[in-house]
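Worksheet for the structure shown next.
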Amino acid sequence: MTHPAPTPDDAVVERFAPTSGRFSGVAGLVTAGAVLVLAAIDWDNGAPLGIAIVTVLAAVLVWAAMLRPALWVTARDLVMRGMFGTYRIPLAAIDTVVVTQVLAVKVGGKRYVSPVIGYTVRQTMKAKVREGQGPTSAAPGPAHDHQAFVEARLDYMAQDARDRLGIRRGSPEQQALAADVRHSWAWPELAACALLVLAFLVWLVA
Numbered sequence: 001m002t003h004p005a006p007t008p009d010d011a012v013v014e015r016f017a018p019t020s021g022r023f024s025g026v027a028g029l030v031t032a033g034a035v036l037v038l039a040a041i042d043w044d045n046g047a048p049l050g051i052a053i054v055t056v057l058a059a060v061l062v063w064a065a066m067l068r069p070a071l072w073v074t075a076r077d078l079v080m081r082g083m084f085g086t087y088r089i090p091l092a093a094i095d096t097v098v099v100t101q102v103l104a105v106k107v108g109g110k111r112y113v114s115p116v117i118g119y120t121v122r123q124t125m126k127a128k129v130r131e132g133q134g135p136t137s138a139a140p141g142p143a144h145d146h147q148a149f150v151e152a153r154l155d156y157m158a159q160d161a162r163d164r165l166g167i168r169r170g171s172p173e174q175q176a177l178a179a180d181v182r183h184s185w186a187w188p189e190l191a192a193c194a195l196l197v198l199a200f201l202v203w204l205v206a
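Position one of the sequence shown corresponds to residue 1 (the working numbering), numbered consecutively onward.
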């Protein structure tokens, strides 16, 4: 009898769909594309070069802020990809998971947030009116199903990871895992922003 190969630590186990930002991000990129076309049509008068640089910079920022952020879980880590960097957090090191306007994960006294999952201000206010308290402190309504699912799912996966390693919440072993949080920068986006800002300054001087 053959047994399945163990799941690699970096293999994606589950991805979580974002609750907002994608439509606005795509709309922003389309708008930037339209502005670039108009700038190319009127290229001869000189000003469109500066407009094109600013437009491309805006497109990079829209991509980084609205389309790049993502949230997924591997066999070992919760991966929170943000605007200009990515955090890899050991599941077993997670103390609490709370979804408000953003997803907040507490690890070893530090707080890591992701805009991928969150309640809108309107959802929060409606929940307070209906329930007299925040949306995460009581059973969510139908509009909150996905946010509540992600919060409960991550809490379960963190507990499961601790059980597999045989450690307790708040134990020294869990605190030691908190030191293993890894961060990496989004160098392509950072480099693009820096080069575009530099290009715009050169254009202004010229």
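Where is the CB? At the ideal position from N, CA and C, for every residue including glycine. Here the structure is a predicted model, which means the values were calculated and not measured.
Query: Same chain, Cβ closer than 7 Å to Gln175, five either side skipped, listed in chain order; Result: Gly108
Query: Residue environment, Tyr156, which counts as buried when at least 16 other CB atoms sit within 10 Å; Result: exposed
Query: As assigned by DSSP and simplified to three states, the class of Asp10; Result: coil
Query: Leu78 - containing beta strand (DSSP E), residue span; Result: 77-81
Query: Touch test, the segment 111-124 against the segment 159-175, Cβ-Cβ under 8 Å, three pairs minimum; Result: no
Query: Coarse secondary structure for Ala176, derived from DSSP in three states; Result: helix
Query: Contacts around Leu177, its chain only, beta-carbon distance under 7 Å, and the 5 residues preceding and following it disregarded; Result: Pro90, Ala92, Ala93
Query: Reference Ala152, options Thr96, Val79, Leu71, closest by Cα; Result: Thr96
Query: For Ala40 and Ala161, the rounded distance between their alpha carbons; Result: 54 Å
Query: CB contact flag (Val105, Leu71, <8 Å); Result: no
Query: Same chain, Cβ closer than 6 Å to Ala192, five either side skipped, listed in chain order; Result: Val60
Query: Alpha carbon of Asp10 to alpha carbon of Leu36, nearest angstrom; Result: 39 Å
Query: Straight-line gap, Lys110 to Pro48 (C-alpha atoms, nearest Å); Result: 46 Å
Query: Beta-carbon contacts of Thr86 that lie in its chain and below 6 Å, excluding the five residues immediately before and after; Result: Ser184
Query: Cβ-heavy atom distance, Ala148 to the ligand MN, below 7 Å; Result: Questions concerning the ligand MN fall outside what the structure shown contains, since it holds no ligand whatsoever.
Query: Test item: CB-CB of Gly118 and Gln101 under 8 Å; Result: yes
Query: Pairwise C-alpha distance: Val30 and Ala199; Result: 23 Å
Query: C-beta atoms of Lys32 and Ala58 nearer than 8 Å; Result: The amino acid at residue 32 is misidentified as Lys; the sequence shows Ala. Yes. Within cutoff.
Query: Beta-bridge partners of Val207, as assigned by DSSP; Result: The structure shown does not extend to residue 207, since the chain is modelled only from 1 to 206, so the question has no answer here.
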